[in-house]
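**Q**
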Amino acid sequence: MSNNQNNLSRVENPKLYNPYSYHRPHFIRWRGSVIPKVLPSTFVVTLVAVIVCVVNLETKVKISIPSTFIPVLGFVVGLLLTYRTNTAYDRYWEGRRLWAVMVVAIRNLTRNIWVNIKEDDGKNDLLEKKTAINLLIGFAIATKHYLREEDGLLYDDLKPLISNIKSNLPGFKPLNEMDPSSEVNHNLPLEITLYLCSYIDNKRQSNKVDVPTTNSMYGALNTLIDCLTQFERILRSPIPLAYSIHLSQTVWIYCLSLPFQLVDNLKYITILIVFLASFILMGILHIGGEIENPFGYDENDLDLDDFCGTIKRELNVITSRKRPTVDDWVYNPENHPFGREEITASEARKLSIDEVRSLLHKENERNSIENNITRDAEAIEEEKDEKDGNSNVTIKVD
167 MSNNQNNLSR VENPKLYNPY SYHRPHFIRW RGSVIPKVLP STFVVTLVAV IVCVVNLETK
227 VKISIPSTFI PVLGFVVGLL LTYRTNTAYD RYWEGRRLWA VMVVAIRNLT RNIWVNIKED
287 DGKNDLLEKK TAINLLIGFA IATKHYLREE DGLLYDDLKP LISNIKSNLP GFKPLNEMDP
347 SSEVNHNLPL EITLYLCSYI DNKRQSNKVD VPTTNSMYGA LNTLIDCLTQ FERILRSPIP
407 LAYSIHLSQT VWIYCLSLPF QLVDNLKYIT ILIVFLASFI LMGILHIGGE IENPFGYDEN
467 DLDLDDFCGT IKRELNVITS RKRPTVDDWV YNPENHPFGR EEITASEARK LSIDEVRSLL
527 HKENERNSIE NNITRDAEAI EEEKDEKDGN SNVTIKVD
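For the sequence shown, my numbering gives the first residue as 167, with consecutive numbering after it.
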């Protein structure tokens with residue numbers, strides 16, 4: 167099964183996928199590790215170690231060197247690998263943090279659109295809301311494909327959400343008139359924000375949303391663009407090539423020099439030591455390279471398909487219900503504001519204000535009594551446990 171199929175199955179069946187569910191200990195896990203990438207280079211270094219041991223121990227040719235270079239080179243390699251791994255993880259974590267910020271902005275925009283924009287025109291306003299929220303889902307999915315440098319519109323998760331919009335940028339045809347298999351090399355997420363901005367402006371001009379809410383929506387829209395720009399910074403600003411090349415060369419030099427320095431003292435055990443050392447160092451080197459760009463399809467990359475699936479499910483659930491009103495949930499027969507089922511909010515609204523305040527006072531007294539009883543019971547239980555513990559202690563007197 168391909169990476170795309172795996173990721174799609176996770177999105178369609180979210181309950182079947184849990185990134186924290188491990189059926190085997192990490193020590194014996196193959197999937198998600200860098201072992202497949204590390205083994206070829208590790209075998210090369212180990213082969214060199216075998217040749218060095220055979221030549222040095224089975225012939226009169228001595229090719230060993232003093233082991234004084236190990237501490238010096240080891241210290242340098244350790245510093246370089248630490249910096250490389252930390253830098254790569256910072257980029258990985260920054261990508262995850264920015265995605266969370268983007269999700270917050272999408273949720274806030276959805277909330278404001280669905281609840282705060284008036285529906286004076288009935289179904290027309292409702293259809294406009296749903297279309298705008300679909301664009302928010304499309305923004306997240308378009309961002310996913312954009313970060314993976316997947317151009318074109320031939321994506322089942324994206325095309326239904328954006329096929330109705332047209333490009334306002336110079337040189338582009340309407341999106342719904344393009345050949346879906348053609349390469350479209352432009353910033354689709356940014357373009358989607360133009361339509362969201364026009365929607366917000368239209369609702370403000372028609373007085374269907376107040377100024378503070380409009381400002382909040384524009385702020386969330388600005389956050390989406392800011393996150394997109396920060397994503398681009400991570401994607402298009404890799405660790406300098408010269409540093410990566412020099413680090414790789416340094417690790418190889420260190421690993422290849424190990425058998426020459428260890429063979430005199432360790433004999434054939436050198437082969438095992440070199441294998442383990444090269445496996446560890448090459449593994450750390452490849453881990454840094456894999457998580458440097460966290461937006462791809464690697465096992466250790468961010469699961470953007472799952473993230474987008476979560477956004478889509480949440481927003482579809484919100485739009486599947488009418489916007490809540492106070493009467494829907496405050497004066498619902500199931501609402502018992504005083505913690506007791508003998509009176510509901512609908513019944514309490516028929517009382518006077520003084521009677522309602524009296525009920526609030528009684529509820530507070532009742533809660534205080536219950537809390538005191540709970541604390542006393544816990545204190546008695548603790549005292550009993552202490553006595554039981556002391557009775558189990560025997561003191562021997564000589």
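Glycine included, each C-beta is placed from N, C-alpha and C at the ideal position. All of these numbers come straight from a predicted model, not from anything done at the bench.
Mind checking which residues open and close the alpha helix (DSSP H) that includes residue 444?
**A** Residues 435-457.
**Q** Whose CA, out of 272, 545, 515, lies closest to the CA of residue 299?
**A** Closest by alpha carbon: 272.
**Q** In its own chain, which residues sit with a C-beta less than 8 Å from the C-beta of residue 282, not counting the 5 before and 5 after it?
**A** 375, 376, 379, listed in sequence order.
**Q** Report the rounded CA-to-CA distance for residue 428 versus residue 417, giving the unit in angstroms.
**A** Whole-angstrom Cα-Cα distance: 17 Å.
**Q** Excluding five sequence neighbours on each side, which residues of the same chain lie with their C-beta closer than 6 Å to the C-beta of residue 550?
**A** If we look at residue 550 and ignore the five residues flanking it on each side, it has no Cβ neighbours.
**Q** Threshold first: 3 residues or longer. Then list the beta strand (DSSP E) segments lying entirely within the stretch 480-558, N to C.
**A** As far as the stretch 480-558 is concerned, it has no whole beta strand (DSSP E) run of at least 3 residues.
**Q** Hey, how far is the Cα of residue 488 from the Cα of residue 292?
**A** Those two C-alpha atoms are separated by around 9 Å.
**Q** Specify the secondary structure class of residue 301 as computed by DSSP and reduced to three states.
**A** DSSP places residue 301 in helix when its eight states are reduced to three.
**Q** Are there 16 or more other CB atoms within 10 angstroms of the CB of residue 313, so buried, or fewer, so exposed?
**A** Looking at its Cβ environment, which holds 16 or more other Cβ atoms inside 10 Å, residue 313 is buried.
**Q** Look at the alpha carbon of residue 458 and the alpha carbon of residue 241, and state the distance between them as a whole number of angstroms.
**A** About 23 Å.
**Q** Using C-beta distances below 6 Å, list every residue in its chain close to residue 230, excluding the 5 sequence neighbours before and after it, in chain order.
**A** Counting only Cβ-Cβ distances below 6 Å, and skipping sequence neighbours, we find 222, 426, 429, 430.
**Q** With a CB to CB cut of under 8 Å and the five nearest residues on each side skipped, what residues in its chain are close to residue 334?
**A** Annotation note: pLDDT 47 at residue 334 (below 50); position unreliable, coordinate value reported separately. The residues are 357, 360.
**Q** Report back the beta-carbon spacing between residue 215 and residue 437 to the nearest angstrom; my notes put them in contact at under 8 Å.
**A** Right, the Cβ-Cβ distance comes to about 5 Å (below 8 Å), so this counts as a contact.
**Q** Of all the options 248, 304, 545, 278, which has the alpha carbon lying nearest to the alpha carbon of residue 479?
**A** For residue 479, the nearest C-alpha among the options comes from 304.
**Q** According to DSSP, simplified to helix, strand and coil, what is residue 238?
**A** Of the three classes helix, strand and coil, the one that applies to residue 238 here is helix, per DSSP.
**Q** Just how far apart, CA to CA, sit residue 274 and residue 355?
**A** Approximately 18 Å between the Cα atoms of the pair.
**Q** Of the residues 251, 383, 502, 397, which one's Cα is nearest the Cα of residue 452?
**A** Taking only the C-alpha atoms, the option nearest residue 452 is 251.
**Q** Grouping DSSP H, G and I as helix and E and B as strand, with all else coil, what is residue 381?
**A** If DSSP states are grouped into helix, strand and coil, residue 381 belongs with the helices.
**Q** Suppose contacts are defined by Cβ-Cβ distances below 7 Å. Is residue 239 in contact with residue 420 by that definition?
**A** Taking 7 Å as the Cβ cut-off, residue 239 and residue 420 qualify as a contacting pair.
**Q** Output the distance between the C-alpha atoms of residue 170 and residue 385, rounded to the nearest integer angstrom.
**A** Summary for residue 170: the model assigns pLDDT 45, below 50, so the residue's position carries little reliability, and this model does not support an answer.
**Q** Suppose you measure from the CA of residue 269 to the CA of residue 534; what does that come to, to the nearest Å?
**A** Distance between the alpha carbons of residue 269 and residue 534: 40 Å.
**Q** Given this structure, state the Cα-to-Cα distance separating residue 316 from residue 302, to the nearest angstrom.
**A** Residue 316 and residue 302: Cα-Cα distance of roughly 19 Å.
**Q** Throw me the rounded Cβ distance for the residue 474 and residue 310 pair, which I believe falls under 8 Å.
**A** Going by Cβ atoms, the distance from residue 474 to residue 310 rounds to 5 Å, so yes, they are a contact pair.
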